[in-house]
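J.:
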Amino acid sequence: MAEAGEQRLQLGVIGDPIAHSLSPVLHSFLIAKLGLSYEYRAYRVASSELQAFLQQARASDFAGLNVTIPHKERVLAYLDGLSADARQLGAVNTIVRQGGQLIGYNTDGLGFRRALEAKVVKLAGRSAIVLGAGGAARAVVYALIGGGIGRLTLANRTLNRAEELAWQLSANTGFQAIYTCALADMARLNRAIAEAELLVNATSVGLAPAVDRSPLSDAAPLHPGLVVYDLVYRPPRTRLLRQAQAAGARPLSGLEMLIYQGIESLCLWTGRPRGEFYIWAEELQKYLLSYAGKPGRE
Ligand code: NAP
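What the sequence shown shows, in our numbering, is residues 13 to 310, in sequence order.
#1: For the stretch 34-46 against the stretch 279-294, do three or more pairs of beta-carbon atoms, one drawn from each stretch, fall closer than 8 Å, so that the two count as touching?
#2: Is DSSP giving Pro263 helix, strand or coil here?
#3: So, at 7 Å on beta carbons, what are the nonlocal neighbours of Ala151 in its own chain, with the 5 sequence-adjacent residues on each side left out?
#4: List the residues that DSSP assigns as beta-bridge partners of Thr165.
#5: Would you call the CB atoms of Leu91 and Leu114 closer than 8 Å?
#6: Note the first and the last residue of the continuous beta strand (DSSP E) segment covering Tyr241.
#7: Would the stretch 166-179 and the stretch 192-201 be scored as touching if the rule is three or more Cβ pairs under 8 Å?
#8: Looking at Gly160: is its Cβ nearer than 8 Å to the Cβ of Thr80?
#9: Ala189 to Asn213, Cα distance in whole Å?
#10: Should Glu129 be listed as close to ligand 1, given that the test is whether its C-beta is under 7 Å from any heavy atom?
#11: May I ask whether a heavy atom of ligand 1 can be found less than 7 Å away from the beta carbon of Met269?
#12: Pull up the distance between the alpha-carbon of Gly274 and that of Lys298, whole angstroms please.
#13: Taking the straight line between their C-alpha atoms, what separation do you get for Thr185 and Tyr154?
#14: Unbroken alpha helix (DSSP H) runs of length 4 or more, entirely within the stretch 201-261: which are they?
#15: Please state whether DSSP places Ile85 in a helix, a strand or coil.
This is the structure:
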């Protein structure tokens with residue numbers, strides 16, 4: 013149990029923007045419930061400041077950090093070591109400071125898989141389309157292949173990033189049923205959506221404060237056989253999820269993924285078993301929902 017006046021170990025999340033992040037609320041809730049001696053804060057760190065910030069963190073009393081947009085891939089260059097997962101994905105969302113060294117991990121894929129399991133979404137043999145090719149998309153696509161997905165389309169604004177990711181995926185996993193398209197290529201995009209059983213938004217489109225935006229137009233062929241999973245969790249009902257509901261598809265918010273990837277980070281930092289955190293997951297979700305609709309503050 014944390015005692016009054018006791019020195020608390022520092023944890024935090026770095027990103028730019030960072031006002032939308034619910035990670036401080038999530039971690040502070042679990043730290044308080046378990047009576048841990050940690051303090052968790054948000055740090056807005058621009059890309060130009062990333063190296064200097066991590067240099068400082070390495071020499072300070074930080075126990076660990078989460079990493080969010082847009083640093084998940086770029087941060088690899090400034091770390092001292094990587095877990096096998098983070099190395100394969102080429103993306104880090106959790107840094108652990110061990111003996112003055114910064115080691116990168118990735119808990120997004122585990123969080124995504126656990127969130128789908130909680131909603132009983134089956135993957136084996138299914139057809140999926142993932143929008144985005146950034147750090148979060150990387151974790152999602154490896155998790156989908158690990159879950160036995162049958163066919164995968166990667167659609168991204170910048171087509172060559174999707175092509176590069178598809179190439180890496182088939183080289184690293186042997187999975188060959190991967191197709192790519194540009195988000196602006198309506199004919200190919202609509203065909204892939206019409207054939208899909210799972211659509212995952214791993215772009216940052218729709219994230220507060222741009223809550224009226226969606227990666228898809230209202231004419232996109234969303235359909236009743238489709239699960240639409242939006243990694244954007246703020247607001248909890250994004251425009252994409254409203255489009256999904258209107259089309260009879262099943263909308264799922266990224267809030268549960270946030271909770272489960274956060275718990276995996278806490279396990280890495282504290283060495284506590286995940287079961288100690290899981291018992292708070294339901295209460296935490298209600299607590300986060302009461303925050304997620306409100307605008308964030310810098
Ligand atoms: P990232 O590495 O910066 O990647 C951003 C992705 O969004 C890229 O594919 C980018 O396309 C695309 N994008 C950005 N602006 C766009 C626009 N105006 N139109 C179309 N595409 C656009 O970010 P990330 O770390 O992968 O995070 C992506 C989102 O997932 C964020 O909203 C983040 O909050 C969310 N996330 C949620 C969870 C969770 O637990 N629920 C976990 C991780 C991430 P280009 O390649 O063309 O630039």
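Heads up, the beta-carbon is just placed ideally off N, CA and C, and yes, glycines get one too.
T.: Taking the definition as stated:
#1: yes
#2: Locating residue 263 in the sequence shown gives position 251, where the first residue counts as 1. It is a strand residue.
#3: On the sequence shown, position 139 is the one that residue 151 refers to. Around Ala151: Leu101, Ala103, Asn118, Asp120, Gly121 and Phe124.
#4: Here residue 165 corresponds to residue number 153 of the sequence shown, with the count starting at 1. Per DSSP, Ile141 and Tyr191.
#5: Taking the first residue of the sequence shown as position 1, residue 91 is located at position 79. Taking the first residue of the sequence shown as position 1, residue 114 is located at position 102. It is a contact, given that the beta carbons lie within the stated cut-off.
#6: For the purposes of this step, residue 241 is taken as the residue at position 229 of the sequence shown. First-last of the beta strand (DSSP E) with Tyr241: Val239 to Asp242.
#7: yes
#8: Indexing the sequence shown from 1 puts residue 160 at position 148. Indexing the sequence shown from 1 puts residue 80 at position 68. Not closer than 8 Å, so no.
#9: Counted from its first residue, the sequence shown places residue 189 at position 177. Counted from its first residue, the sequence shown places residue 213 at position 201. Distance between the alpha carbons of Ala189 and Asn213 is about 20 Å.
#10: As a working note, residue 129 is residue 117 in the sequence shown. No.
#11: Taking the first residue of the sequence shown as position 1, residue 269 is located at position 257. Flag set: Cβ of Met269 near ligand 1.
#12: Reading the sequence shown from its first residue, position 262 is the one you call residue 274. Reading the sequence shown from its first residue, position 286 is the one you call residue 298. Roughly 16 Å separates the two Cα atoms.
#13: As a first step, residue 185 is located in the sequence shown; it is residue number 173 there, counting from the start. As a first step, residue 154 is located in the sequence shown; it is residue number 142 there, counting from the start. Near 8 Å, if we compare the C-alpha coordinates of Tyr154 and Thr185.
#14: 251-258
#15: Within the sequence shown, the letter at position 73 stands for residue 85. Reading off the sequence, residue 85 comes out as Glu, not Ile. Of the three classes helix, strand and coil, the one that applies to Glu85 here is coil, per DSSP.
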